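Residue numbers (numbering that gives the first Met the number 0), protein chains in the order written: chain G, 0 to 272; chain Z, 0 to 258.
Report on the structure given below.
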Amino acid sequence: MDLILNANEADMNFKKSGKYLITKKIDSFFLHLYAAFQFILRFFKEVFRPPFEFKEIIRQCYEVGYKSLALITLTGFVTGLVFTKQSRPSLSEFGASSWLPSLVAIAIIRALAPLVTALIAAGKVGSNIGAELGSMKVSEQIDAMEVSAVNPFKFLVVSRVVATTLMIPMLMCYTGAVAMLGAYINVHQNEATSFISFFQQAFDKISFLDIFSSLIKSIVYGFTIGIVGCYKGYNATNGTEGVGKAANASVVVSMFLVFVEEILIVQITNSIR
Amino acid sequence: MENKPHDINKKEVVISIRDLHKSFGDNHVLQGINLDVYKRENVVVLGRSGTGKSVLIKIICGLLKPDSGTVTVLGKEVDRLNESELRELRLKVGFSFQNSALYDSMSVRENLAFPLVRNSRNMSQQEVTKAIESVLANVGLPQTIDQMPSELSGGQRKRIGIARTLILNPEIMLYDEPTAGLDPITSIEINNLINLVREKFHTTSIIITHDLTCAKNTGDRIAMLLDGKFLKQGTFEELFDTEDERIQNFYNYNFINQK
């Protein structure tokens, strides 16, 4: 297989020949980009090819989903509560505090829930994947899988990326629900609005497209966080230092990509709306 | 356990290496390696750290690609195999890593079951357990079956690492520094285990080491790797019966550390 899956090897080949097409940095950037593209391509090749690692996928879903619940609950609840509290004075100035439920619902469902979930997951899950695969790489555990005729890509990468792609949308729905609950508590305290009327007002302004685009967004974010963590971990080098770098790069790169994707998807959704 | 003459089949070459070159950046580690390993032979590759010993066995099992030259294992040229052919070959080649490379997140039982269940998918749970117990008994650690790798000593980790490769019944064993970082008594136990593996599993082995006791105890033939080439090959006595200062120095520093 002549795919360049390891950008470090490609770098070394360039170093050996001593020739660069443009400059060392630009060449290296495109080589890494190409290697990342090959990595994604390999994921799509392997994900539909049996044998499937169902048990490992379920274990990863548990790790990604269930183990993030506590953090997500706290973050979602505080986001809903604080956002409502901070928005009230501005709306009250125009005598429009009755619009709070719909304003909060739009903000949470369209933007906050997917983004907050993705950022929390990038920090918690992305770094975990980068560090775990990185340490497996530098301690030769990935090589050990390979020489025992097991496909490490399928077992380690495919299972993790499938798990993040499935679980982050679910976590996003949960974050949205908890954030709305936080918002309701604040509104109920101040305006004594009932549970039913709060949610009636809230969902009045929410369309199918809002929910659908948020779901699509979080699927994309989930895939990004999983694939970036796996790519960085799988290509870790230089011992423990490399593991730290892989974990750090997993968070930084996936957060960066999440924001870029947010901008793109919002533009597309707005053009449809 | 002193090494005994074994029924080495000198007519059947299991691993054949011709004019092998490999470099990393400017570092030309292997500069034209030639080696034939016969069936049921234990060949020790001796050399200082960083001379490309581990690179050599990683090329043999297809983990690294050579820059030039050919490596033929069980009649197949490793470099030219496709993914499924390489997987097929790897079932017959066991690799014991320097740091054992046990899967940290799995117990000993899961470590051993991992390659087995994925390569023989029609095995029942009982058959898998039986195979694990049998291979653990062979390496003398049946009591560790439910322990985690972090609970094992260095010597135990090495044994479990070897057991994990033996569970697939390999024809060839590649040992990467099997005694590195172990105390002398544990090292001797590992050397004995390497000989025992050959007796019981009828394997052909390449043992990478810089430990002369290991080389003497396990090797039928020893090849001295220096500056990217094999300087000399032969039995332990033949190898060190030389005027070559580089080989003599290796012996002196390694064995008695004086002179």
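Virtual Cβ for every residue (Gly too), placed ideally from N, Cα, C.
Quantities reported herein were computed from a predicted structural model and do not represent experimental measurements.
Backbone secondary structure at residue i - three-state DSSP
| i | result |
| --- | --- |
| I32(Z) | strand |
| Q200(G) | helix |
| N127(G) | helix |
| L4(G) | Here the model assigns L4(G) a pLDDT of 49, short of 50, so the residue's position is not dependable, and the following value carries that caveat. Three-state DSSP puts L4(G) in coil, outside helix and strand. |
| S249(G) | helix |
| P242(Z) | Checking the sequence, you will find Glu at residue 242(Z) rather than Pro. Looking at E242(Z) - three-state DSSP - the assignment turns out to be coil, as it is neither helix nor strand. |
| F96(Z) | coil |
| Y102(Z) | coil |
| D175(Z) | strand |
| A222(Z) | strand |
| I59(Z) | helix |
| L80(Z) | coil |
| Q90(Z) | Per the sequence shown, residue 90(Z) should be read as Leu rather than Gln. Coil, per DSSP. |
| V46(G) | helix |
| K136(G) | helix |
| N2(Z) | Confidence at N2(Z) is low in this model, with a pLDDT of 46, below 50, so the placement of that residue should be treated as unreliable; the coordinate-derived value is given next. In the structure shown, N2(Z) sits in coil (DSSP, three-state: anything other than H, G, I, E or B). |
| L45(Z) | strand |
| K75(Z) | strand |
Straight-line Cα distance separating residue j from residue i
| i | j | result |
| --- | --- | --- |
| G46(Z) | D35(Z) | 18 Å |
| Q257(Z) | N251(Z) | Low per-residue confidence applies at Q257(Z): pLDDT is 47, beneath 50, and the placement is therefore not dependable enough to give any value. |
| R87(G) | A104(G) | 14 Å |
| P168(G) | F211(G) | 11 Å |
| F258(G) | V177(G) | 23 Å |
| V196(Z) | S106(Z) | 23 Å |
| L114(G) | E260(G) | 10 Å |
| T22(G) | R58(G) | 44 Å |
| S67(G) | G221(G) | 13 Å |
| D1(G) | A106(G) | Low confidence applies to D1(G): its pLDDT is 40, below 50, so where it sits in the model is not reliable enough to give any reading. |
| I32(Z) | K57(Z) | 14 Å |
| Q142(Z) | H20(Z) | 44 Å |
| Q266(G) | R272(G) | 10 Å |
| V138(Z) | V127(Z) | 17 Å |
| G125(G) | I224(G) | 6 Å |
| V44(Z) | D175(Z) | 10 Å |
| F259(Z) | M223(Z) | Chain Z is shown only over 0 to 258; residue 259(Z) falls outside these bounds and no answer can be derived. |
| F235(Z) | G218(Z) | 8 Å |
| I59(Z) | V77(Z) | 7 Å |
| K157(Z) | I189(Z) | 8 Å |
| T174(G) | G238(G) | 37 Å |
| C60(G) | E82(Z) | 29 Å |
Beta-carbon spacing of residue i, residue j below 8 Å
| i | j | result |
| --- | --- | --- |
| R245(Z) | Q232(Z) | no |
| I242(G) | A235(G) | Strictly speaking, residue 242(G) in this sequence is Val, with Ile absent from that position. Contact flag set, yes. |
| I206(Z) | I193(Z) | yes |
| P169(Z) | T202(Z) | yes |
| S96(G) | E240(G) | no |
| I205(G) | I108(G) | yes |
| E98(Z) | E62(G) | The sequence given here places Asn at residue 98(Z); Glu does not occur at that position. No, the Cβ-Cβ distance between N98(Z) and E62(G) is not below 8 Å. |
| K52(Z) | L73(Z) | no |
| I215(G) | I184(G) | no |
| A182(G) | L20(G) | no |
Bounding residues of the alpha helix (DSSP H) (the contiguous stretch that carries residue i)
| i | result |
| --- | --- |
| R39(Z) | Looking at the DSSP string, R39(Z) is not in any alpha helix (DSSP H), and its letter there is neither H nor E. |
| Y220(G) | F207 to Y233 |
| E11(Z) | Counting along the chain, E11(Z) falls outside any alpha helix (DSSP H), though it belongs to the beta strand (DSSP E) covering N8 to F23. |
| T192(G) | Unbroken run through T192(G): none, as it is neither H nor E. |
| I119(G) | A112 to A120 |
| T164(Z) | G153 to L165 |
| V138(Z) | Premise fails: V138(Z) is in no alpha helix (DSSP H) and is neither H nor E. |
| A104(G) | L99 to I105 |
| A112(Z) | V107 to N118 |
| R87(G) | L68 to E92 |
Pick from the options that is closest to residue i, judged by C-alpha positions
| i | options | result |
| --- | --- | --- |
| L85(Z) | F96(Z), S95(Z), S99(Z) and V70(Z) | V70(Z) |
| N247(G) | S147(G), N150(G), V186(G) and A130(G) | A130(G) |
| I262(G) | S213(G), G241(G) and E240(G) | S213(G) |
| A69(G) | K204(G), R41(G), S97(G) and I119(G) | I119(G) |
| S147(G) | I7(Z), G61(Z) and Q146(Z) | G61(Z) |
| C172(G) | D142(G), S126(G), A110(G) and S134(G) | A110(G) |
| L170(G) | A112(G), Q140(G) and A143(G) | A112(G) |
| S104(Z) | Q146(Z), V44(Z) and E132(Z) | Q146(Z) |
| L140(Z) | V127(Z), L111(Z) and Q125(Z) | L111(Z) |
| V149(G) | G49(Z), K228(Z), G218(Z) and R163(Z) | R163(Z) |
| E55(G) | K136(G), Y230(G), V157(G) and P100(G) | V157(G) |
| K64(Z) | T50(Z), L80(Z) and G49(Z) | L80(Z) |
| A136(Z) | Y102(Z), I161(Z), R120(Z) and G153(Z) | I161(Z) |
| V250(G) | V46(G), P50(G), A117(G) and F197(G) | A117(G) |
Residue i: CB within 7 Å of a non-hydrogen atom of the ligand HEM
| i | result |
| --- | --- |
| V70(Z) | With respect to small molecules bound, the structure shown includes none, and the ligand HEM cannot be examined in it. |
Range covered by the beta strand (DSSP E) that runs through residue i
| i | result |
| --- | --- |
| V70(Z) | S67 to V72 |
| Q232(Z) | K228 to G233 |
| Q208(Z) | Rather than Gln, the amino acid found at residue 208(Z) in this sequence is Thr. T203 to T208 is the extent of the beta strand (DSSP E) around T208(Z). |
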